[in-house]
Amino acid sequence: MDTRRKIRLWGQRWLAIACLGSLGWLGLVPPPARAQTQQMCIDETSFYLRTISERAEWGRTALKNGYIQPAVEHLTKSLEMTGTLDVGFRATSLEHFIEANSASTGWLIHEVDQLIALGETDAVRTVLTTASQVVQGMPNGYSALKIRALTTIARDYAAIGEQAAALELLSQARQLETTVQGSEFKANALIAIAQAYGTMGEDADAIATASQALQQAETVNYPDTIRRDRALEAIAIVYTQANRLDQALQLAQSIEYPYFRENVIGRAALSAAKAGQMEQTASLVQQLTLDQPTVQTLKEISIYLANRGDEQQAQLYFDQTIAAIETYGYPGPSFTQTMLDAGLADTALKALEVAPPGRIRADGLMDLFNHYANGGNTTAARDVLHQAMTATLEVEQDYAQQELWETILRHAIQLEDYELALSTVETLVARGITFNQISDYTKIAVAAAKSGQTDLALKVTERIDPSYTANKRRVWGEIAVAESMAGNFDTAFTMAEKTESPYSPEYARVLVRIGLQQQQAGLSEASATTINQAIQVAETLEYTADRLAAINTIAVEQYQAGLSEPANKLLDQVLILIQQSVDSADSFDSFTFQMVAEKWIEIGEEQVALRVMDAIAEVQPENPLWKTLLVDRLINQGDYATALDIIESRAPSTIQAEEIIRIAELYLKAGQPNLASRLLNRIYTTSDVSVNQLLRIGELYSHIGQVESVSSVLDRAFEIAQTIPGEESQIIYVREDLAIDDNQDRGSFYEEIAIAYGRIGAFDRGLAVVQALQDSTTREQVMTRLNCYRDF
25 MDTRRKIRLW GQRWLAIACL GSLGWLGLVP PPARAQTQQM CIDETSFYLR TISERAEWGR
85 TALKNGYIQP AVEHLTKSLE MTGTLDVGFR ATSLEHFIEA NSASTGWLIH EVDQLIALGE
145 TDAVRTVLTT ASQVVQGMPN GYSALKIRAL TTIARDYAAI GEQAAALELL SQARQLETTV
205 QGSEFKANAL IAIAQAYGTM GEDADAIATA SQALQQAETV NYPDTIRRDR ALEAIAIVYT
265 QANRLDQALQ LAQSIEYPYF RENVIGRAAL SAAKAGQMEQ TASLVQQLTL DQPTVQTLKE
325 ISIYLANRGD EQQAQLYFDQ TIAAIETYGY PGPSFTQTML DAGLADTALK ALEVAPPGRI
385 RADGLMDLFN HYANGGNTTA ARDVLHQAMT ATLEVEQDYA QQELWETILR HAIQLEDYEL
445 ALSTVETLVA RGITFNQISD YTKIAVAAAK SGQTDLALKV TERIDPSYTA NKRRVWGEIA
505 VAESMAGNFD TAFTMAEKTE SPYSPEYARV LVRIGLQQQQ AGLSEASATT INQAIQVAET
565 LEYTADRLAA INTIAVEQYQ AGLSEPANKL LDQVLILIQQ SVDSADSFDS FTFQMVAEKW
625 IEIGEEQVAL RVMDAIAEVQ PENPLWKTLL VDRLINQGDY ATALDIIESR APSTIQAEEI
685 IRIAELYLKA GQPNLASRLL NRIYTTSDVS VNQLLRIGEL YSHIGQVESV SSVLDRAFEI
745 AQTIPGEESQ IIYVREDLAI DDNQDRGSFY EEIAIAYGRI GAFDRGLAVV QALQDSTTRE
805 QVMTRLNCYR DF
């Protein structure tokens, strides 16, 4: 064993549980209150922190999907859970609440901002009330953190018009400030309070607090100039918000770093513009020499003046903004979106035209394209896309160019600008940064044919290598259909014949579509002849798999055309062919069956798709793909009830149990715990449920708050775990010198079940599971974890 490394994968076990459902255990169950120690076991506390983040993610997802009430419930629950943590870890979670400048934190600030933007005042109030309760429950030893949190919450209260509540929180923050230890911490606390007052428009309190912060900052022995200058900049900006420009500019002179100093000057210029002092605004702008403060200031002044309706002054500053961009360079990726948000697309375009070449310019043009396209201005969108093509040529990195070219190609097809799409692919080929030109040419040709541009489709088809006959047949087929839609049936049949092959269902598909067009044109007899020809072609294809695909395609086309009776007759043939596939000499793969089922799913005929899938299941009962395919589609559409109907049509199995658990989780996330509970009640006692699934069911019950149900589920999990054969602890060799514990063995499940009992306060039951472990070392390790819950 000296050459082997046996790795105890505790983290992997946690990840396995999280991946099963991205769930936490606690729901309405608080973590244990420890009587003998102030700090919970570190591993278990980390679990709670992950659980809190997961519950917050539920809220984030619900809000994204427009479920306001469930979002609020999940967000407030995550905050309540934060309030039950040990104080040190509670502080960590509060940092996640108030730090908005990090991708991994500031989760609640972002969600509250979204609720404010949606006008959901009651929802915002509910979340903020819970947040303030959690913050106020922190001991005063964390005064600096509490002040930052209180000021953050106060600003959000003010944003929904709750000025009195906001001022009350700031009053609490002022009282706490007197308890802050350390001159720099005290200065920072005063700055945060002053900024909050300034944001709320409480100028007198903002100035008084900022002046106090300045006095405090002057006593600080800062370890470096940059920290000192950041503090002075923040104080000076509070002065600018209150229009105390002389004080702000005087303070700016003591700031050594030019960037911070010019930020203050820029904010003073904006405040002067808001006060109508345009001469002072112009004078301050002339003092700016750095790129970002200059462009940012000019942009903000321009937008403010435009929104105020001062078109002449706004245009003057827009011109200066564009000139500054030409001089200094493009200010960053947010510029275009900021201008678009202000309704200034044309000005953004002018700025981009003078911006230096590179990825940011190309991305800005893409933002403009989306703006024009979403607004229905296809002419402007097309012009911008052509400019984006030129800008992409100026991007240096090949990988970045390829990503941009592919985006341009997709947009060009969207706009039906197939010449641009073709030019895009040819540029990619010429530069050697694509390996999908055949697919791209086919995509363009098919889209052109569908839009009726058959000449261009033929032109693009010539670019497709002759060896790719399937691609060419697909394009010829779409051209044939397009010609039939235009009433050119002779040309359509001529082109359709080019798709003929004894090994491809394409010819049959094209013929039936031409036949349906003939019917719409009033050529009933000709239509019947053409459709019969399509069926004959399908029935004479050499391989059974091809016959199955072709007949199924004809049935689908007839269903879409409202011809349900003939379509049902062909569907019967499809079902027979599926049954015959067992004895067929052909090699039937999963892809063939998948295509047959997907055709019906694509047109929304779920019940027909289910009939096909049931027939497939009789042929390949071990393959779960068929119904899972339909379930996934229905879930993506938000139709959980129909998805559940499909799931329940399965024979009882672990697959069925897994999918029911999935639906229960979705119902719970959507704020429907009663539906989730009913589903879980139905499956956890069945024989076709695994230990992993039972652990996951326990997680869901915990979130619902049904602790007794969790206990019953864990009892059942322990019963099943005892029947797992083999050694208690088994090792998997990744390679000869590297072994890892098997986290699906009996001992691993005992451990998870024991700890799960502890988390719901059933310590004695957990102890009984630990005692069932035979290995003394494992028993001791698990007992150490379980002891974290002894005083629950």
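Per my numbering, the sequence shown starts with residue 25, numbered consecutively.
Cβ atoms here follow ideal geometry from the backbone N, Cα and C, with glycine treated the same way.
Buried or exposed: which applies to residue i, given that a residue is buried once 16 or more other Cβ atoms fall within 10 Å of its Cβ?
i, result
"E486", "exposed"
"L654", "buried"
"H395", "buried"
"L810", "buried"
"K101", "buried"
"D229", "buried"
"H98", "buried"
"G539", "buried"
"R252", "buried"
"T448", "buried"
"V309", "buried"
"P697", "buried"
"C812", "buried"
"N398", "exposed"
"A272", "buried"
"H134", "exposed"
"I171", "buried"
"I600", "exposed"
"G290", "buried"
"E589", "exposed"
"E507", "buried"
"S491", "exposed"
"G222", "buried"
"I250", "exposed"
"T808", "exposed"
"E563", "exposed"
So residue i is in the alpha helix (DSSP H); what residue range does that whole segment cover?
i, result
"V505", "493-509"
"K323", "315-332"
"G107", "92-107"
"M519", "513-521"
"I457", "No alpha helix (DSSP H) holds I457; DSSP gives it neither H nor E."
"I231", "227-241"
"I488", "Here I488 belongs to no alpha helix (DSSP H), and DSSP marks it neither H nor E."
"V148", "145-160"
"A585", "Segment: none, A585 is in no alpha helix (DSSP H) and carries neither H nor E."
"E440", "Counting along the chain, E440 falls outside any alpha helix (DSSP H), and DSSP gives it neither H nor E."
Rounded to a whole number of angstroms, what is the C-alpha to C-alpha distance between residue i and residue j?
i, j, result
"L269", "A296", "8 Å"
"D387", "E78", "33 Å"
"A293", "L724", "55 Å"
"M637", "D669", "14 Å"
"A545", "R537", "13 Å"
"F71", "R783", "11 Å"
"R814", "V806", "13 Å"
"E350", "L142", "37 Å"
"W624", "I503", "24 Å"
"T321", "G662", "45 Å"
"Q819", "V598", "For the chain, the structure presents residues 25 to 816; residue 819 sits outside this window and is missing."
"A258", "N287", "10 Å"
"T554", "E521", "13 Å"
"D315", "P282", "11 Å"
"A178", "A445", "52 Å"
"K474", "L439", "13 Å"
"S207", "A241", "7 Å"
"A621", "I559", "19 Å"
"Q63", "M162", "Residue placement at Q63 is flagged as unreliable, the pLDDT there being 44, under the threshold of 50; a coordinate-derived value is accordingly withheld."
Report, in whole angstroms, the separation of the C-beta atoms of residue i and residue j, which I expect to be a contact under 8 Å.
i, j, result
"L389", "L376", "6 Å"
"N512", "I462", "N512 to I462, Cβ: 28 Å. No contact."
"V159", "L174", "6 Å"
"A86", "A95", "4 Å"
"D391", "T360", "5 Å"
"T154", "E104", "6 Å"
"S156", "V204", "Actually they do not touch by this definition, with Cβ atoms about 19 Å apart."
* Asked: What are the uninterrupted segments assigned as alpha helix (DSSP H) that are 4 or more residues long and contained completely in the segment 678-703, given in chain order?
  -> Taking 4 residues as the minimum length, the alpha helix (DSSP H) runs contained wholly in the segment 678-703 are 678-693, in order along the chain.
* Asked: Counting only runs that start and end within the segment 626-667, where is the alpha helix (DSSP H) found for 4 or more residues in a row?
  -> Complete alpha helix (DSSP H) runs here, min 4: 630-643, 649-660.
* Write down every uninterrupted run of the alpha helix (DSSP H) in the segment 345-380 whose length is 4 residues or greater and which is fully enclosed by it, in chain order. => Within the segment 345-380, the runs of alpha helix (DSSP H) that reach at least 4 residues and sit entirely inside it are, in chain order, 358-365, 369-378.
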